[in-house]
Structures are given as structure tokens and as C-alpha cells.
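Counting with the working numbering, you get residues 47 to 296 for the letters of the sequence shown. Just so it is clear, CB atoms sit at the ideal spot from N, CA and C, and this is done for glycine as well. This report concerns only the one structure given below.
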Amino acid sequence: INEPVLVDLINSKPLQRLKGISQLGMPQEYYHKPIFSRDEHSIGVLILLKKLNADLDEQVAGLIHDISHTAFSHVVDWVIGDSTKEDYQDNVFLNFLENSEIPHILGKYGVDLKNFSNLENFSLLEKEAPSLCADRFDYSIREINWNDSKLVKIIVNDLKNYKGNLFFNSKNVAESFANGYVNCQVEHWAGDEAKVRYYILARVLRKAISDEIISVKNLNEIEDEQIINLLREKGGKYILDNLDLLRNGF
């Protein structure tokens, strides 16, 4: 990655913050699956879009599409958003973007901020399920077949861009990915343990906000571990007991 605008965006504060935001909603010590960060995912989406010959605007969109995620990612939809839609981040994206250093960086390279007011305009990056898109593909492939890097490489290399739409070149590869995606949905994303962990952390965060230990502003500005440290330092028995429940299992 050597395009100056992409390099500056990667080094910007909003993107660097994503290193401390878990894609899966909470730090590793409180989760039952291997985690990765929003930063890893964002860079992965960018690399995938480059591989698929996306234009520079779409590469920029892929890189910045998650900058408005709060600490704990979609857990916050269970606290101040709508857990059935998980769209808090989408709803605040444009406001977050406009009030960050991103517009200055884009303007420096003559890239129009207005191009990113609706990320759904980028067909390689975003598509409604069950269609393939770079965003969904990246976070899924990171969880499918964790121990089989050879198969992951085959699946990635089979992905093609045809007139702004993603498809697999091979039926067998498409079936492998589809089966892996369904397994992730059933066994993880919509699984009972994930939902219970989200519920427990959400009630901890609601209690912490009620007790004025943290604020919604904190969730928007700092990282997962910084919030956890505040909870450990200032939280009462209810908060500490629930954090122990997450850490030690049920």
C-alpha cells in the first residue's frame, strides 16, 4: 500500500484507534472465540479491494467504513442502539466522519468527502446479505477454517469482480464458503454463548453509564481496554461480578 492518501488515512487517529476495538465486541479475556480488531478487518478489506481492482475511492471507502464504531463494536447496539438491527455505527458514520481529521486528509489529495456520504454506493464494499461484498467476505473468511490456511487461500483467490459485483469462479469454492458462513452464523454470531456474553457486557455498560463511571462520549472516543480499566477501577460489586462472569465462564 503506497498511495499517499491511503498511507495517511492508515496513520490517522480514527484508524489507529480501531487497533483497540474488537471486531467481535469485547477483549479476548472476555470472549470464547479468537478475536481480531476493527483495524485488522479494515486493512483486510482494503487489501481485498485492491486485489479486485477497485478504484481509489472504493479503496478509501473500504479503509474508513468502520471508523465510527464505538468501543465494544456491536455490543453498544444492546446498550444505546437497536440490537435487532445493529446499525448504531451506520447511523452516526457521516457525523463521525465529518468531525474527524479524515476530511482534511481527503482534501489534501483532492478526494471529495461527499463521495463517502453513502457507503452503499460502493458495490464491491457493501451489499445486503446474502450477496457477496468485501466487508462481509473479510470478516467471514477470518473465522472460517481457522486452521486451514491453504483452503482460505484457495477461497480468496477464487473471488472475482465482474462489473462491480463479487462472485466465485468455482461452484465448489462457493459451496465451501457458503457452508463456512452458515456455520459461523449458527455456531457463533447467532449462537447462545455470544448472545449471553453480549447481554452481560451490555448490562455492565448500562450500569456504568447510570453510575457515571463512563459516558456515551467515552464509548465513541476511547478503546475497549481503556473502558475496561475504568470499570475495574471504579466499578462496584455488580460490575466486577459480571466482568468475572465473562472472564471465568458460566
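- A distance below 8 Å between beta-carbons, with the five flanking residues on each side excluded, links K206 to the following residues of its chain, in chain order: L98, L212, F213, F214 and N215.
- Burial of A107 is indicated by the presence of at least 16 other C-beta atoms within 10 angstroms of its C-beta.
- Excluding sequence positions up to five before and after H111, its CB lies within less than 6 Å of the CB of L165, all in the same chain and listed in chain order.
- Note on geometry: alpha-carbon atoms of K199 and Y76 lie some 30 Å from one another.
- Considering only K280, A175, N264 and S169, the residue with the shortest C-alpha distance to E104 is S169.
- In the structure shown, F118 falls within a coil segment according to DSSP collapsed to helix, strand and coil.
- Note on V228: under 16 other CB atoms within 10 angstroms of its CB, so exposed under the neighbour-count rule.
- Around the Cβ of H150, a 10 Å sphere holds fewer than 16 other Cβ atoms; the residue is exposed.
- As a beta-bridge residue in DSSP terms, N211 pairs with Y208.
- Around the beta carbon of E189, 16 or more other beta carbons lie within 10 angstroms, which makes this residue buried.
- Here the alpha carbons of Q272 and D181 stand approximately 27 Å from one another.
- About 4 Å separates the Cβ atoms of L265 and T116, confirming a contact at the 8 Å cut-off.
- Pairing N288 with R249 gives a Cβ-Cβ distance under 8 Å.
- Apart from sequence neighbours up to five positions away, the residues of its chain that approach A100 with a beta-carbon distance below 6 Å are L170, ordered along the chain.
- S195 is not bridged by DSSP to any residue.
- A distance below 8 Å separates the beta carbons of Q69 and S83.
- Taking 4 residues as the shortest admissible run, the region 61-149 contains the following complete alpha helix (DSSP H) segments, listed from N- to C-terminal end: 84-97, 102-110 and 134-144.
- Looking from the CA of D133, the closest CA among D123, V53 and E174 belongs to D123.
- Taking C-beta atoms under 8 Å as the contact rule, H120 and G71 qualify, at a distance of about 6 Å.
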